[in-house]
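Those protein sequence lines, which keep their order, are chains R and A.
To convert a position in the first sequence, counted from 1, into the numbering used here, add 1.
To convert a position in the second sequence, counted from 1, into the numbering used here, add 791.
Glycine is no exception: its CB is placed at the ideal position from the N, C-alpha and C atoms.
Below is one structure, written out as structure tokens; comments come after it.
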Amino acid sequence: EVKLVESGGGLVQPGSPLKLSCAASGFTFSSNWLNWIRQAPGKGLEWVASINPDGSSTYYPDTVKGRFVVSKDNAKNTRYLQMNNLRSEDTAMYYCARRGTGIPVFDYWGQGVMVTVSS
Amino acid sequence: DVQMTQSPSNLAASPGESVSINCKASKSISKYLAWYQQKPGKANKLLIYSGSTLQSGTPSRFSGSGSGTDFTLTIRNLEPEDFGLYYCQQHNEYPFTFGSGTKLEIK
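Have a look at this one:
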């Protein structure tokens, strides 16, 4: 069974860093893209990062480019989202989602982890 | 960036009825549109991708149509478990963008 579990969320002050983890089971990240998507309280979904299977390509929207970095640890079958210089507008539930094999969209999602940026 | 305009924001219907949710892209995205369902306490669920391709496990009462800029998700013969939030997402180009969501409630 494919499963994604996020961890590492919490309450941080503006300007602080935070690193989220996405652990996979039931498949290996070496075969699939991994994406991070967030949802501010009461708002819609916003894609924030993608990484390809070997980690050689990453993509970000302008809203987080230069502040967020996605990375990998194939040995642990885990992907990470390093978030730097956090702002109040980064407060959201963060989901990791797998891009399906042969399916160009997010076929499995984690339950999400909450990040709150506040002083 | 491709802006996705989803309508209506809210929709109320009774079990057994049919409903349609619309999604309009700010420019052509060919057929590359996906639909997701979101329910509290559950992982988001992929329903349809590439406009009309049902994801494995999606009931046949769900259907997607459209291409270019205009797309529709239709749910026929609503079941109680269909109520929740629905989002469209374009997967034609980066940055991937989502619609603002449609809340489908029981009438």
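**Prompt:** Looking at A:Lys-894 and the ligand MN, is the gap between the Cβ and the nearest heavy atom below 7 Å?
**Reply:** Ligands are entirely absent from the displayed structure, and the ligand MN is therefore not among its contents.
**Item:** Under the three-state DSSP convention, the category R:Glu-7 falls into
**Value:** Under the three-state reduction of DSSP, R:Glu-7 is assigned to strand.
**Request:** Output yes or no for whether 8 Å exceeds the beta carbon distance between R:Tyr-109 and R:Ile-38.
**Result:** Not a contact, by the Cβ cut-off of 8 Å.
**Request:** Could you check the C-alpha separation between R:Arg-88 and A:Pro-886 for me, to the nearest Å?
**Result:** Roughly 20 Å separates the two Cα atoms.
**Prompt:** In chain order, what residues of the same chain lie with their CB nearer than 8 Å to the CB of R:Thr-92, ignoring the 5 residues before and after it?
**Reply:** Apart from the 5 residues on each side of it in sequence, R:Thr-92 sits with its Cβ closer than 8 Å to the Cβ of Ala-41, Pro-42, Val-116, Thr-117, Val-118, Ser-119 in its chain, given in chain order.
**Request:** May I ask you to report which of helix, strand or coil DSSP gives R:Asn-75?
**Result:** Here R:Asn-75 carries a helix assignment [DSSP, helix/strand/coil].
**Message:** Residues in the same chain with beta-carbon distance under 7 Å from A:Ser-817, minus the five sequence neighbours each way, listed in chain order, please.
**Reply:** So the qualifying residues of the chain are Val-793, Gln-794.
**Prompt:** Which one or two residues does DSSP pair with A:Gly-875 in a beta bridge?
**Reply:** The partner list for A:Gly-875 (beta bridge, DSSP) reads A:Leu-895.
**Prompt:** Checking contacts by CB at 8 Å: is R:Tyr-95 closer than that to chain A?
**Reply:** Answer no: the Cβ-Cβ gap between R:Tyr-95 and chain A never drops below 8 Å.
**Message:** Measuring alpha carbon to alpha carbon, tell me which residue in A:Phe-853, A:Ser-819, A:Thr-888 is nearest A:Glu-870.
**Reply:** The shortest Cα separation from A:Glu-870 among A:Phe-853, A:Ser-819, A:Thr-888 belongs to A:Phe-853.
**Asked** What residues are listed by DSSP as bridge partners for R:Asn-36?
**Response** Looking at the DSSP output, R:Asn-36 shares a beta bridge with R:Ser-51, R:Ala-98.
**Request:** Return the CA-CA distance between R:Leu-82 and R:Ser-72, expressed in angstroms with no decimal places.
**Result:** Taking C-alpha positions only, R:Leu-82 is separated from R:Ser-72 by approximately 7 Å.
**Request:** Check whether the segment 806–825 of chain A touches the segment 873–893 of chain A, counting contact only when three or more Cβ pairs, one atom from each stretch, lie closer than 8 Å.
**Result:** Under the three-pair Cβ rule at 8 Å, the segment 806–825 of chain A counts as touching the segment 873–893 of chain A.
**Request:** Please name the residue, chosen from R:Gly-103, R:Phe-107, R:Ile-104, R:Asn-86, that lies closest to R:Gln-14 on a Cα-to-Cα basis.
**Result:** The alpha carbon of R:Gln-14 has as its nearest neighbour, out of R:Gly-103, R:Phe-107, R:Ile-104, R:Asn-86, the alpha carbon of R:Asn-86.
**Item:** Secondary structure of A:Ser-854, DSSP reduced to three states
**Value:** Strand.
**Request:** State whether the segment 802–814 of chain A contacts the segment 887–897 of chain A, with contact taken as three or more CB pairs (one from each stretch) at a distance under 8 Å.
**Result:** At 8 Å Cβ cutoff, the stretches touch.
**Message:** So A:Tyr-878 and R:Gly-103 are supposed to be a Cβ contact under 8 Å. How far apart are they, rounded?
**Reply:** Incorrect: roughly 22 Å between the Cβ atoms, too far for contact.
**Item:** Sub-8 Å separation of A:Phe-874 and A:Leu-895 beta-carbons
**Value:** In contact: A:Phe-874 and A:Leu-895 (Cβ atoms closer than 8 Å).
**Item:** Assigned secondary structure, A:Ser-843 (DSSP; H/G/I helix, E/B strand, else coil)
**Value:** In the structure shown, A:Ser-843 falls within a coil segment according to DSSP collapsed to helix, strand and coil.
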